Amino acid sequence: MRTAFLLLLLLAGGCSQVKPWQRGALADPIMQADYDPIGEQLMEHLYFSREAAWGGRTVGGGGCGCN
Amino acid sequence: MWSTNLLLLLLTLLAGWKTGAPLPDLATYQLEGKLPELRDKVVLLDFWASWCGPCKASFPVMQELHTQYAGRGLVIVAVSVDEDRAAMEAFLKKHPVAFTIVRDAAQKLVAAADVQALPTSFLIDRTGKLRFMHTGFRGEVTRQQYRDEIEQLLKE
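Respectively, the protein sequence lines represent chains A and B.
Counting with my numbering, you get residues 1 to 67 for the letters of the first sequence.
Counting with my numbering, you get residues 1001 to 1156 for the letters of the second sequence.
Laid out in structure tokens, this is it:
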């Protein structure tokens, strides 16, 4: 029973190897964390101004929206 | 730079096809597009994809090699491994070339070659033997290597 469980754990691994020629989808610009720099900057500004408790990338403002 | 070279060398050693071995018959891999006659030719077989940056950089160089050496017996076959045929066609429209392009739609040939990076290219001599292999494209360095190796193979 225990062996079967361990075997199942081994087989159920979520990792698979992606071959170099299969990386078309991964190479798509949409897969980049910052694929939309302007949008990202806008969101950053919003969070910076209004959501002091959110994020952690920069120092938050006081919530007045004036910086 | 050295670490990149070392990595590329390592990847070269890991590939499925080895230099010295004969090139398998490409006709058995159901490639999309018409293959040229390869018998008694020096062949540059290149694996590329439209989404691969260095492949894009290699295209003008391959076009130059084609212009310069096609008359002396060089045949360039660029095998696209694109899953999306439209993406490949859009790339070729933007970067038109005169050498042969085929598509390995089933990705069987590239799996057999087991390339470790894109682009990977093989130079095949007139007897059909794999002679030189390039993993990645390093601009002027690779261009010079191609020229030297092609000159050598054409003279044999």
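We treat Cβ as the ideally placed atom computed from N, Cα and C, and that holds for glycine.
All values derive from a computational prediction rather than experimental measurement.
Contact list for residue i against chain C, beta-carbon separation under 8 Å
| i | result |
| --- | --- |
| B:Asp1084 | No chain C is present in this structure, whose protein chains are A and B. |
Residue nearest to residue i in terms of C-alpha spacing, selected from the options
| i | options | result |
| --- | --- | --- |
| B:Val1097 | B:Glu1032, B:Ser1058, B:Gly1139 | B:Ser1058 |
| B:Cys1055 | B:Leu1026, B:Glu1151, B:Arg1143, B:Arg1147 | B:Arg1143 |
| B:Pro1022 | B:Thr1004, B:Phe1091, B:Leu1038, B:Gly1136 | B:Leu1038 |
| B:Val1042 | B:Val1075, B:Asp1025, B:Lys1018, B:Glu1032 | B:Val1075 |
| B:Thr1028 | B:Asp1104, B:Phe1132, B:Lys1093, B:Gly1136 | B:Asp1104 |
| A:Pro20 | B:Leu1123, B:Gln1107, B:Phe1122 | B:Gln1107 |
| B:Phe1122 | B:Trp1048, B:Leu1007, B:Leu1010 | B:Trp1048 |
| B:Arg1085 | B:Leu1009, B:Glu1032, B:Ile1124 | B:Glu1032 |
| B:Leu1026 | B:Asn1005, B:His1066, B:Val1077 | B:Val1077 |
| A:Val18 | B:Thr1127, B:Leu1007, B:Asp1114, B:Asn1005 | B:Asp1114 |
Closer than 7 Å: residue i CB and nearest the ligand ZN heavy atom
| i | result |
| --- | --- |
| B:Val1043 | Questions concerning the ligand ZN fall outside what the structure shown contains, since it holds no ligand whatsoever. |
Residues bridged to residue i (per DSSP)
| i | result |
| --- | --- |
| B:Glu1032 | B:Arg1103 |
| B:Ser1121 | B:Asp1046, B:His1134 |
| B:Ala1078 | B:Asp1046, B:Ile1101 |
| B:Lys1155 | For B:Lys1155, which the question treats as bridged, DSSP gives no partner whatsoever. |
| B:Pro1022 | B:Lys1129 |
Residue i versus residue j: straight-line alpha-carbon distance, rounded
| i | j | result |
| --- | --- | --- |
| B:Ser1080 | B:Lys1129 | 22 Å |
| B:Glu1064 | B:Asp1046 | 15 Å |
| B:Arg1147 | A:Ile38 | 44 Å |
| A:Ala12 | A:Met1 | 16 Å |
| B:Glu1170 | A:Gly24 | Chain B is shown only over 1001 to 1156; residue 1170 of chain B falls outside these bounds and no answer can be derived. |
| B:Thr1012 | B:Val1141 | 16 Å |
| B:Met1062 | A:Pro29 | 26 Å |
| A:Leu9 | A:Tyr35 | 36 Å |
| B:Ala1015 | B:Gln1116 | 6 Å |
| B:Ser1003 | B:Leu1044 | 26 Å |
| B:Trp1017 | B:Gly1053 | 23 Å |
| A:Ala4 | A:Ser16 | 22 Å |
| A:His45 | A:Met31 | 23 Å |
Own chain residues within Cβ distance below 8 Å of residue i, not counting five before or after
| i | result |
| --- | --- |
| B:Lys1034 | Thr1100, Val1102 |
| B:Leu1154 | Val1042, Tyr1069, Arg1072, Gly1073, Leu1074 |
Cut-off 6 Å between Cβ atoms - residues of its own chain near residue i, not counting five sequence neighbours on either side
| i | result |
| --- | --- |
| B:Ser1050 | Asp1082, Ala1087, Met1088, Phe1091 |
| B:His1095 | Phe1059 |
Other residues of its chain near residue i: CB distance less than 7 Å, five sequence neighbours each side excluded
| i | result |
| --- | --- |
| B:Thr1019 | Leu1130, Arg1131, Phe1132, Met1133 |
Under 8 Å (Cβ pairs) to chain B, residues found in the region 28-43 of chain A: Listed in sequence order: Asp28.
Mind listing which residues of the region 1071-1097 of chain B have their C-beta closer than 8 Å to chain A's C-betas, in chain order? Answer set for the region 1071-1097 of chain B: Val1081, Asp1082, Glu1083, Asp1084, Ala1087.
Looking at chain A, which residues of the region 1105-1118 of chain B have a Cβ within less than 9 Å of any of its Cβ atoms? Here the close residues are Gln1107, Val1110, Ala1111, Asp1114, Val1115, Gln1116, Ala1117, Leu1118.
If the cut-off is 9 Å on Cβ atoms, which residues from the region 1045-1070 of chain B count as contacting chain A, listed in chain order? The region 1045-1070 of chain B vs chain A, Cβ under 9 Å: Phe1047, Ala1049, Ser1050, Trp1051, Cys1052, Gly1053.
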